[in-house]
Every structure is written in C-alpha cells, then in structure tokens.
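J.: The numbering used here applies: residue 8 is where the sequence shown begins, and numbers increase by one.
Got a structure for you, written out below as structure tokens; questions coming shortly.
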Amino acid sequence: VAYRFLQECPWQRLRDLRAAMPNLLTQMLLRASNGVGYTNYPDNVVREFVRQAAATGVDVFRVFDSLNWVENMRVAMDAVIEADRVCEAAICYTGDINDPDRAKYSLDYYVKMGKELRDAGAHVLGLKDMAGLLKPTAAGRLIRALKEEVGLPIHFHTHDTSGVAGATILAASEAGVDAVDAAMDAMSGGTSQPCMGSLVEALRRTDRDTGLDPVEIRRMSDYWEAVRDQYAAFEAGLRAPASEVYLHEMPGGQFTNLKAQARALGLEDRWHEVAQAYADVNRMFGDIVKVTPSSKVVGDMALMMVAQGLSPEDVMDPSREVAFPESVVAMLRGDLGQPPGGFPEAIIKRVLGDEAPDTSRPGSRLAPVDLEAKRREISEKLGGIEIDDEDLNGYLMYPKVFTEYMQRHEKYGPVRTLPTHAFFYGMEPGEEISAEIDPGKTLEIRLQAVGETNDAGEVKVFFELNGQPRNIRVPDRSAKAETPARAKAEEGNPNQIGAPMPGVVASVVVQPGARVAAGDLLLTIEAMKMETGIHADRDAVVAAVHVKPGDQIDAKDLLIELE
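The structure is reproduced here in structure tokens:
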C-alpha cells in the first residue's frame with residue numbers, strides 16, 4: 008500500500024511512528040514464509056526481512072500462515088525470536104466450533120495447533136478471526152480451552168462485518184482473554200474492528216475495567232473522523248452489518264479489495280454472485296483457511312467464474328476448457344503450503360492435470376538469494392544509486408512495485424509531504440498548499456489556472472511557486488484516450504481465442520508461425536493483481552496475434568488465432 012498507492016517509503020513511516028511514540032510497542036503482521044507478499048520467499052529472505060523490520064522499529068510480530076500450516080511458520084518465528092522481539096504466533100479461525108458439520112475445524116483442532124505454536128517458541132498466542140466468524144458462545148469455549156490447555160497469553164483479533172463482534176469480544180473477555188484489538192470509534196465497525204469507546208464503556212466498573220479515559224478516546228476519535236473523510240472514496244461501501252459473511256467467510260481485509268476488483272471487471276452489480284462463488288470455491292478447495300494470500304486465490308477464482316459465467320459443475324467438467332488464474336495453479340501445485348488434510352484430489356487433477364503437487368515446505372525448495380549480488384543488480388537497474396538494507400528488503404518483497412516506486416520518486420520527489428486531499432484528488436484553481444520537502448525548506452504552491460488539452464493529451468498548468476509564476480505541461484489524466492474497437496472472437500470457432508475477462512495484456516509468449524502444443528502458455532492477462540494464463544487447448548500453429556503487452560482488452564476480444 009505504501010509503495011504502490013501512497014507512493015511513500017514504509018520504512019520511513021515506521022521510523023516516524025517509532026520517533027513519535029518511543030514508549031509504546033509497535034506491531035506488524037508477518038505472513039510467515041509469505042513475508043508481506045503473496046508468494047513464498049526463500050528462507051534467508053524471510054530472515055533478512057524480519058531482521059530489518061526489527062532494526063527499524065517493530066517490537067511485536069504477529070506471525071500466521073494462510074493455511075494454518077505450522078511447518079510454514081517456523082522459519083519466521085525463529086527469526087523473530089533471534090531478533091529478540093515478541094513472537095505472537097497466530098491461529099487463524101475459520102468454520103464454527105459449535106457446528107458438528109464443520110468438524111474439520113473443531114475445538115480439538117485449535118487446541119492442538121495452539122500447543123504446536125507454544126512448543127515452537129511462541130511468546131504470545133494470537134487468535135486471528137480475520138472474517139469475524141467467531142460467535143460469542145464459541146469464543147467463550149475456545150478462549151477457556153486455549154487458556155487451560157496451552158497456557159500462553161492470548162491476543163484476540165476480529166472484524167465486525169457481521170455486527171456482533173463486540174459481543175464476541177465481551178464473551179472473550181469474560182473467558183479470560185489477555186488482549187483484544189479494537190478500532191478508534193470513528194474508524195470502527197463494518198469490515199474494521201469493533202468500537203473501542205463502546206467496549207471500554209461496556210467493561211467499565213467490572214473486574215475487567217480497561218482504565219482507559221473516555222475523554223481522550225473521544226478526542227482522538229474526533230481527529231480520526233476528519234482523517235477518514237479524506238479517504239471516503241476508498242471505502243468498501245458496506246453500509247450495514249452483513250450476515251452474508253457467514254456464507255462467504257471473506258476476511259475483512261479482503262472485502263474492499265475484492266469489491267474494487269469486481270468493479271474493475273464490471274461485476275460490481277453482481278457482488279452477491281461473487282460472494283456465492285467465493286463460498287463455492289472454498290468448498291471446491293476443500294474448505295480451507297482463507298486469509299492472505301490463500302484468500303486472494305479464492306477471490307481470483309470466484310471473480311473468474313462470475314466473469315465467465317461458470318458454475319462449480321462447469322469448472323469440474325473435464326470436457327470444458329477453463330483458464331485457471333495463475334494463483335490457483337500455484338496454490339494447488341503446493342507453492343503456498345498444505346491445508347489440514349490436503350487439497351481434494353478432484354480439484355488438483357482438474358487444475359494440474361498430470362502434474363503432481365509438491366507437498367514439501369515451499370521455502371525448503373527455494374534457493375537462497377545472494378543478497379549482495381541482488382543489491383548490486385538493483386543499483387544498476389536504478390542508475391547506480393545506493394541501495395541500503397531497507398531498499399533491498401523492499402525490492403525482495405515487491406520487485407516490480409518497488410522499482411516503479413523508486414522511478415516515480417526520482418521523477419516527482421517526496422510526494423509524501425503533500426496534503427492528503429491534494430495528493431488524492433488534485434488542486435482547484437485558487438487553492439494554495441504547503442509542502443515541506445526538506446527540514447526547514449517549505450514550498451508554497453498556488454494553482455492559478457489549467458489550460459486546454461492539446462492533441463498530445465497534455466494541458467498547461469499555471470501556478471505560483473513561493474510567489475513566483477510558473478507553468479508546466481502535464482498529461483491530462485481526465486482525458487479519455489480513444490481506444491480502437493477490437494474484433495470479438497467468434498463463439499464456437501476453435502481457431503479463435505478470446506479474452507475471458509477485461510484486463511491488461513501482461514505478456515505475449517508466442518508469435519505468428521509458432522507451433523504450440525496443448526497446454527502451452529500463449530499469453531497472460533492481468534486484472535487488479537489477478538493474473539490469468541491463456542493456454543493452447545490443442546496442438547496448432549499460431550496464425551495471428553492481435554494484441555501486445557500493455558494493451559487494454561475487454562471480455563471476448565479476439566487475442567490469438569490458430570490454424
């Protein structure tokens with residue numbers, strides 16, 4: 008988020024927070040062998056990231072695995088302990104321990120995992136209810152059992168999508184939970200956490216009184232209310248509690264992202280179909296834990312099915328050609344690890360064909376990265392600039408995103424100093440802002456006027472910089488570029504390959520005249536972080552390629568012709 012959307016350095020943000028609150032603990036989420044990304048990283052990359060995060064200012068690491076596979080958590084947990092930081096190893100909660108039909112995720116399952124995490128060296132046991140599925144009565148049973156059987160301090164985290172998470176926290180409190188997560192009043196509810204002020208009042212004058220000052224809570228909430236207004240355009244649009252969460256079991260942190268993806272694919276008005284497809288995909292995958300990155304895989308598959316009008320029966324029909332998202336192929340291949348009981352054989356066979364999945368720990372089969380060689384490579388790619396350890400770790404987690412961030416920073420400078428409203432929405436003529444680009448060096452910028460858009464799609468902007476008149480030509484991003492209408496693939500014509508969904512062509516790996524075999528990759532399409540490979544369904548010769556990398560395409564656009 009910091010690199011891609013806010014265009015700022017997350018390490019600098021951490022340093023700023025550490026300086027502003029030197030007496031408070033900072034905490035981060037660590038996706039075990041997935042680091043802070045969507046894939047598995049080599050063990051030495053995970054260890055190096057933890058070392059750097061601890062050095063820059065993180066005190067508590069909440070370590071979890073997206074499939075609840077403890078084996079995948081050990082490297083990250085050991086790295087946290089070696090860095091002399093607090094290791095909060097988390098159980099991800101899914102299902103319903105009160106439902107006998109969901110026996111896969113029973114009370115015994117969670118207690119067993121808690122003991123494994125304790126034995127692996129955890130200082131604190133996290134209970135991560137990422138979708139807000141834990142109900143009050145179940146919370147009481149689970150917290151009491153974990154307290155009695157595991158014996159570690161328990162830190163409970165939930166989301167209020169259903170509207171009853173506040174009651175769940177109170178039940179957890181009564182059962183003896185040691186710490187809970189809540190959100191400042193103005194930022195609470197919905198897919199966020201329950202309201203802090205309300206929880207404080209509910210516990211006041213009880214044996215679990217928090218001692219927090221309601222006056223200070225309200226004062227801080229007033230501040231965050233003003234901040235929230237600046238980001239209103241990015242909210243999920245969840246206007247009321249949604250019991251539908253018990254159907255789809257979507258993590259609160261994914262809800263907004265998946266809605267944005269659905270919007271980009273033209274599926275926003277079919278959101279409830281997406282939610283149903285999400286539940287269907289979960290069942291097809293064998294009822295798995297759904298949290299980043301496994302939740303992204305489920306979301307990718309659900310969007311693909313709705314966009315292409317596929318039912319679960321269509322997907323499993325061996326006579327039907329289905330272009331599975333690359334994330335689905337990777338997960339079933341074993342790239343994220345293994346869920347309890349493994350994945351169903353039927354879906355493995357459907358997605359992988361004759362390829363056998365690898366059930367070993369992904370990090371164990373990834374070669375270590377030569378960190379110093381990688382540092383030199385990044386420096387050369389970015390024009391010879393010095394790459395410090397923070398930059399190196401940023402690149403190791405997000406090579407493409409970090410590179411684009413550095414290129415933007417070189418071109419535009421420290422845009423993090425711009426006021427939030429100006430950064431997101433731009434300035435109006437007559438508006439004036441201040442931006443501190445260096446300590447003691449502030450720019451006063453006043454927008455005077457914006458000219459007409461020329462044939463090159465640029466506008467002349469007239470402004471004052473510290474009182475001096477200036478002008479500059481910039482691209483007019485409000486001007487819609489004219490894109491030529493593309494031919495559509497003929498339905499039922501096996502020689503024409505159409506786009507399964509809207510997106511951008513990420514790569515084209517064949518040329519006209521190339522011979523391809525059934526299953527060969529032809530091109531990839533990217534849509535809102537979801538990548539889908541288009542493969543040949545038979546042996547053929549490529550007759551024509553109608554797109555190139557970077558082209559914007561719509562569903563059913565003709566991409567490639569075979570003969």
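All C-beta atoms in this analysis are idealised placements derived from N, C-alpha and C, irrespective of residue type, glycine included.
Note that the coordinates shown come from a computational prediction; the quantities given were computed from them, not determined experimentally.
#1: For a quick check, are the C-beta atoms of residue 237 and residue 542 less than 8 Å apart?
#2: State the Cα-Cα distance for the pair residue 263 and residue 246, rounded to the nearest angstrom.
#3: Since I believe residue 178 is in contact with residue 163 (beta carbons under 8 Å), could you give me their beta-carbon distance rounded to a whole number of angstroms?
#4: DSSP on residue 180, reduced to helix/strand/coil?
#5: With H, G and I counted as helix, E and B as strand and the rest as coil, what does DSSP make of residue 77?
#6: Would you mind stating whether residue 518 and residue 552 have Cβ atoms separated by less than 8 Å?
#7: Could you tell me which residues DSSP puts in a beta bridge with residue 443?
#8: Near residue 346, what residues of its chain come up, given a Cβ to Cβ distance below 6 Å and the 5 sequence neighbours on each side ignored?
#9: Where does residue 539 fall in DSSP's three states?
#10: Assuming residue 329 contacts residue 322 (C-beta within less than 8 Å), just tell me the rounded distance between them.
#11: According to the neighbour-count rule (16 or more other Cβ atoms, all chains shown, within 10 Å of its Cβ), is residue 241 buried or exposed?
#12: Can you check which of these residues, 340, 252 and 105, is closest to residue 359 by C-alpha distance?
#13: Quick check for students: name the residue ranges of the alpha helix (DSSP H) that lie wholly in the stretch 129-186, counting only runs of 4 or more.
#14: Can you tell me whether residue 345 is helix, strand or coil according to DSSP?
#15: Please state whether DSSP places residue 469 in a helix, a strand or coil.
#16: Check whether the stretch 115-135 touches the stretch 86-100, taking contact to mean three or more Cβ pairs, one atom from each stretch, closer than 8 Å.
#17: Quick one: residues in its chain with C-beta nearer than 6 Å to the C-beta of residue 170, no 5 flanking neighbours on either side, listed in chain order?
#18: In the DSSP assignment, what residue or residues form a beta bridge with residue 547?
#19: Quick one: give me the first and last residue of the alpha helix (DSSP H) that residue 410 is part of.
#20: Taking just the CA atoms, how far does residue 72 sit from residue 306?
#21: Name the one or two DSSP bridge partners that residue 35 has.
#22: Whose CA, out of 291, 378, 256 and 361, lies closest to the CA of residue 335?
#23: Going along the chain, which unbroken runs of the alpha helix (DSSP H) with 4 or more residues stay wholly within the stretch 282-328?
#24: Among 101, 48, 8 and 66, which one has its Cα closest to the Cα of residue 289?
#25: Do residue 252 and residue 138 have their C-beta atoms closer together than 8 Å?
#26: Where do the N-terminal and C-terminal ends of the beta strand (DSSP E) with residue 204 fall, by residue?
#27: DSSP state of residue 401, grouped into three classes?
#28: Buried or exposed for residue 309, please, with buried defined as at least 16 other CB atoms from any protein chain shown within 10 angstroms of its CB.
#29: Indicate, with yes or no, if the ligand MG has a heavy atom lying under 7 Å from the CB of residue 144.
#30: From the DSSP output, read off the bridge partner residues of residue 510.
#31: Residue 86 and residue 118: beta carbons closer than 8 Å?
#32: Taking residue 506 and residue 564 to be in contact with their CB atoms under 8 Å, please state how far apart those CB atoms are, rounded to whole angstroms.
#33: May I have the straight-line CA-CA distance separating residue 67 from residue 534, to the nearest angstrom?
#34: Whole-angstrom Cβ separation of residue 90 and residue 39, contact assumed at under 8 Å?
#35: On a CA-only basis, which of 112, 165, 142 and 183 is nearest residue 159? Give me that one, please.
#36: With a threshold of 16 other CB atoms inside 10 Å of the CB of residue 478, please say whether the residue is buried or exposed.
T.: Result, derived from the coordinates:
#1: Taking the first residue of the sequence shown as position 1, residue 237 is located at position 230. Taking the first residue of the sequence shown as position 1, residue 542 is located at position 535. Going by C-beta atoms, residue 237 is not nearer than 8 Å to residue 542.
#2: What you label residue 263 is simply residue 256 of the sequence shown in a count that begins at 1. What you label residue 246 is simply residue 239 of the sequence shown in a count that begins at 1. So the two alpha carbons sit approximately 13 Å from each other.
#3: If you number the sequence shown from 1, residue 163 lands on position 156. If you number the sequence shown from 1, residue 178 lands on position 171. Residue 178 and residue 163 do not touch by the CB rule: their CB atoms are close to 10 Å apart, not below 8 Å.
#4: As a working mapping, residue 180 is identified with position 173 in the sequence shown. For residue 180, the secondary structure class from DSSP, reduced to helix, strand or coil, is helix.
#5: Within the sequence shown, residue 77 is the residue found at index 70, counting from 1. DSSP places residue 77 in helix when its eight states are reduced to three.
#6: Sequence index remark: in the sequence shown, residue 518 carries index 511 (1-based). Sequence index remark: in the sequence shown, residue 552 carries index 545 (1-based). Closer than 8 Å, so yes.
#7: Numbered from 1 along the sequence shown, position 436 holds the residue referred to as residue 443. Residue 443 is bridged to 449.
#8: As a position in the sequence shown, residue 346 is number 339, starting the count at 1. Within the same chain, residue 346 has close Cβ partners 74 and 295.
#9: By 1-based counting over the sequence shown, the position of residue 539 is 532. Residue 539: strand per DSSP, three-state reduction.
#10: In the sequence shown, counting from the first residue as 1, residue 329 sits at position 322. In the sequence shown, counting from the first residue as 1, residue 322 sits at position 315. The pair is a contact, with the Cβ atoms about 6 Å apart (cut-off 8 Å).
#11: In the sequence shown, residue 241 corresponds to position 234, counting from 1. Counting other Cβ atoms within 10 Å of its Cβ, residue 241 stays below 16 and is therefore classed as exposed.
#12: Sequence index remark: in the sequence shown, residue 359 carries index 352 (1-based). Selected option, being the one with the closest Cα: 340.
#13: Runs of the alpha helix (DSSP H) inside the stretch 129-186: 143-156 and 172-181.
#14: Along the sequence shown, one-based indexing puts residue 345 at 338. Of the three classes helix, strand and coil, the one that applies to residue 345 here is coil, per DSSP.
#15: As a position in the sequence shown, residue 469 is number 462, starting the count at 1. In the structure shown, residue 469 sits in a strand (DSSP, three-state: E or B).
#16: yes
#17: On the sequence shown, position 163 is the one that residue 170 refers to. Closer than 6 Å at the Cβ level, and outside the excluded window around residue 170, lie 248.
#18: To locate residue 547, count along the sequence shown from 1; it is residue 540. Residue 547 pairs with 523.
#19: By 1-based counting over the sequence shown, the position of residue 410 is 403. Element bounds for residue 410: 406-419.
#20: Taking the sequence shown and counting its residues from 1, the one referred to as residue 306 is at position 299. Taking the sequence shown and counting its residues from 1, the one referred to as residue 72 is at position 65. Distance between the alpha carbons of residue 306 and residue 72: 18 Å.
#21: Against the sequence shown, residue 35 aligns to sequence position 28. The secondary-structure analysis by DSSP pairs residue 35 across a beta bridge with 68.
#22: In the sequence shown, counting from the first residue as 1, residue 335 sits at position 328. It is 291.
#23: 301-315 and 319-323
#24: One-based indexing of the sequence shown puts residue 289 at position 282. Nearest C-alpha to residue 289: 101.
#25: Translated into positions along the sequence shown, residue 252 becomes position 245. Translated into positions along the sequence shown, residue 138 becomes position 131. Yes. Within cutoff.
#26: As a working note, residue 204 is residue 197 in the sequence shown. Segment 203-210 is the alpha helix (DSSP H) holding residue 204; no beta strand (DSSP E) there.
#27: Taking the sequence shown and counting its residues from 1, one reaches residue 401 at position 394. Three-state DSSP puts residue 401 in a helix.
#28: Along the sequence shown, one-based indexing puts residue 309 at 302. So residue 309 ends up on the buried side.
#29: Looking at this structure, you won't find the ligand MG or any other ligand, since it has none at all.
#30: Looking up residue 510 in the sequence shown gives position 503. Its beta-bridge partners are 560.
#31: As a working note, residue 86 is residue 79 in the sequence shown. As a working note, residue 118 is residue 111 in the sequence shown. In this structure, residue 118 does not lie closer than 8 Å to residue 86 by Cβ.
#32: Mapped onto the sequence shown, residue 506 falls at position 499. Mapped onto the sequence shown, residue 564 falls at position 557. Between residue 564 and residue 506 the Cβ distance is about 5 Å, and since that is below 8 Å, they are a contact.
#33: In the sequence shown, residue 67 corresponds to position 60, counting from 1. In the sequence shown, residue 534 corresponds to position 527, counting from 1. Answer to the nearest angstrom: the Cα atoms are 34 Å apart.
#34: By one-based count along the sequence shown, residue 90 stands at place 83. By one-based count along the sequence shown, residue 39 stands at place 32. The C-beta separation of residue 90 from residue 39 comes to about 15 Å, leaving the pair out of contact by the 8 Å criterion.
#35: Taking the first residue of the sequence shown as 1, we reach residue 159 at position 152. Comparing Cα-Cα distances from residue 159 to each of 112, 165, 142 and 183, the minimum goes to 183.
#36: As a position in the sequence shown, residue 478 is number 471, starting the count at 1. It counts as exposed.
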